[in-house]
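This report refers to the structure that appears directly beneath it.
There are 2 protein chains.
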Amino acid sequence: MSSPAVHSGPGEHDHESRPLRADARRNRERVLEAASTVFAEEGIEASVAEIARRAGVGVGTLFRHFPTKHDLLLATLEVGFDEIVVAVDEALATDDSWAGLAHVLTVCAEIQARDRGFLDAVGPELFAEPSLQLRNAERMELLTRLVERARADGVVRDDLRAEDLPFLLSALGGATRTCGNTQQAAPTDLWRRYLGIILDGIRPSGATPLPVSAPTLEQLTARCRSASGS
Amino acid sequence: MSSPAVHSGPGEHDHESRPLRADARRNRERVLEAASTVFAEEGIEASVAEIARRAGVGVGTLFRHFPTKHDLLLATLEVGFDEIVVAVDEALATDDSWAGLAHVLTVCAEIQARDRGFLDAVGPELFAEPSLQLRNAERMELLTRLVERARADGVVRDDLRAEDLPFLLSALGGATRTCGNTQQAAPTDLWRRYLGIILDGIRPSGATPLPVSAPTLEQLTARCRSASGS
DNA sequence: TTCGAAACGGATTGGTCGCTCCGGTTGTTG
DNA sequence: CAACAACCGGAGCGACCAATCCGTTTCGAA
């Protein structure tokens, strides 16, 4: 999973073309940075005009670097994705399989809590995006290892599946959203409370049989694809 | 119910004025009905034009009856609210305090699952709406009774508070939303799975202390008010 | 049956959005 | 330094939206 390279060489290519001019590279960077903050603060409904303004460039420049608002958003999310990958790696490196699982969920929730764009995009968007499906598959494979191990150790309920994690995170996102999101007066950790409840809910102790079986990976992706096609 | 008739007599008032004309009353009804279906199917972002079309009236007519899209939405939600109130009453009438609590949560979740408008509006909107705050206060009082009783019976964790329920429902809403919402191919009960996990999470058995204390009622309303003012 | 008030409907307004287009500017190369 | 391709900015386009306005139709009381 550690193949982030390909990505930020000083000569940045679009296809196979020649390196970008110096000012172009600088502007691209500014746009990306502005988009990160703006999306984080206002969610994915923030307007591209606002982003361009904050970046100090014209909208034309913005769209030359990112042909679509959606492309820009995806580029913005990369950081969070990498963060999650790191968290999963850390988790798998630990002996304590419960702590590892809890750590991953906590990190994901933290990202959602501080970045409204991530919160809006994750779930539907994340799994629907064709350009991300390969990466998603890898991520799911790691998550499966994590969950299987925890189950083998008897620290989570028997019927928990890796495919549940995205949904549990969406659930947490729901709580986070109404808890009061980023940049608001008195930024709150209230979501941690509900993460705590969910964590207790996936523990084995006194687990009640779940009424519906877990989604398969296919269901997960298919479902999200159709959801984003609105 | 028939002699005071402040409410749904055949002569429906707006303020203190004279009764509506027959066609007006019929159209108002049609609009409300169309709005219910459309909001349920498409969420609160559905356009008023679409609603008017489905109702077979002009937008002018729609706006005469409901001065604002928001007013129309609120009128639409009434049904769900009533349903919740009934569920709470039923719950309080039962001896089994755990079953009662679970019942209320289930009913709320069912409403969210079949009505995307409700799903979108609940949480932020619901508690922020000034015109609903009185009703919300009543509802919270009933919920408090429910939770206190369950706690006294030892069937839920000690640190659960009534104020947590709205957030837990929002959480469930998050899962429901990404599960695939209403009117979609293969309408799913997957959310029941996560409701199950949350229910286990609020049980006392092996409960881990929660990292953040519950929100006060003031925090709850204040937070939502600011959220909706975007 | 008459007639005025009430209700209707949809063209229109004012606004926002993502995105395009093109005349002007700037970096780079020889 | 010259000269051209690459790059910039922002006015403008088309689409959508909630909400308004006003000429026309319909109801129902007299």
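Those protein sequence lines, which keep their order, are chains A and B. Under the numbering used here, the residue at position 97 of the first sequence is numbered 1216, and the numbers go up by one with no gaps. Under the numbering used here, the residue at position 205 of the second sequence is numbered 1324, and the numbers go up by one with no gaps. Note that beta-carbon positions come from the ideal geometry of N, C-alpha and C, so glycine has one too. What you are looking at is a predicted structure, and each value in this text was computed from that prediction instead of being measured.
- Secondary structure in the segment 1163-1246 of chain B: no beta strand (DSSP E) run of 3 residues or longer lies completely within the stretch.
- Contact annotation: in the segment 1311-1326 of chain B, residues whose CB is within less than 9 Å of a CB in chain A are Arg1311, Arg1312, Tyr1313, Leu1314, Gly1315, Ile1316, Ile1317, Leu1318, Asp1319, Gly1320, Ile1321, Arg1322, Pro1323, Ser1324, Gly1325 and Ala1326.
- Taking every protein chain shown into account, the CB of Thr1335 (chain A) has fewer than 16 other CB atoms within 10 angstroms, so this residue is exposed.
- Pro1328 (chain A) counts as exposed, since fewer than 16 other C-beta atoms from the protein chains shown sit within 10 angstroms of its C-beta.
- If you look at Leu1279 (chain B), you'll find it isn't in any alpha helix (DSSP H); DSSP assigns it neither H nor E.
- Ranked by how close their Cα comes to the Cα of Glu1161 (chain B), the residues B:His1189, B:Arg1233, B:Pro1186 and B:Val1204 have B:Arg1233 in first place.
- Around the beta carbon of Ser1155 (chain B), 16 or more other beta carbons lie within 10 angstroms, which makes this residue buried.
- Classified as exposed, Ser1324 (chain B) has fewer than 16 neighbouring CB atoms from the shown chains inside 10 Å of its CB.
- It is roughly 8 Å from the alpha-carbon of Glu1164 (chain B) to the alpha-carbon of Phe1158 (chain B).
- The C-alpha of Ala1281 (chain B) is placed about 40 Å away from the C-alpha of Leu1251 (chain A).
- Within chain A, Cys1298, Thr1307, Leu1309 and Arg1312 have C-beta atoms less than 9 Å from the C-beta of Pro1334 (chain B), given in sequence order.
- Taking C-alpha positions only, His1189 (chain A) is separated from Leu1196 (chain A) by approximately 11 Å.
- For Val1331 (chain A), the residues of chain B that pass the 7 Å Cβ criterion are Asp1308, Leu1309, Arg1311 and Arg1312, in the order they occur in the chain.
- Here Ala1290 (chain A) carries a helix assignment [DSSP, helix/strand/coil].
- Per DSSP, the unbroken alpha helix (DSSP H) holding Ile1317 (chain A) starts and ends at Leu1309 to Gly1320.
- Interface annotation for the segment 1285-1297 of chain A against chain B: Pro1285, Phe1286, Leu1287, Leu1288, Ser1289, Ala1290, Leu1291, Gly1292, Gly1293, Ala1294, Thr1295, Arg1296 and Thr1297, criterion Cβ-Cβ distance under 9 Å.
- Within 10 angstroms of the beta-carbon of Asp1308 (chain B) lie fewer than 16 other beta-carbons, which makes it exposed.
- In the structure shown, Thr1327 (chain B) falls within a coil segment according to DSSP collapsed to helix, strand and coil.
- Proximity of Gly1242 (chain A) to chain B, defined by a Cβ-Cβ separation below 8 Å, is satisfied.
- For Ser1155 (chain A), the enclosing alpha helix (DSSP H) covers residues Ala1141 to Glu1161.
- Non-local C-beta neighbours of Val1226 (chain B) in its own chain, meaning closer than 6 Å and more than five positions away in sequence, comprise Ala1206, ordered along the chain.
- DSSP places Ala1269 (chain B) inside the alpha helix (DSSP H), whose first and last residues are Gln1252 to Ala1271.
- Val1223 (chain B) and Ala1210 (chain B) do touch by the CB rule: their CB atoms are close to 5 Å apart, below 8 Å.
- By the Cβ test, the segment 1144-1155 of chain A is in contact with the segment 1174-1182 of chain A, since at least three Cβ pairs between them sit closer than 8 Å.
- Going by C-alpha positions, Val1167 (chain A) is about 10 Å away from Leu1192 (chain A).
- For the set A:Gly1292, A:Ala1218, A:Asn1255 and A:Asp1215, the Cα lying nearest the Cα of Asp1201 (chain A) is the one of A:Asn1255.
- By the criterion of a C-beta distance shorter than 7 Å, Ala1194 (chain A) is surrounded in its chain by Leu1151 and Phe1185, once the five residues flanking it on both sides are discounted.
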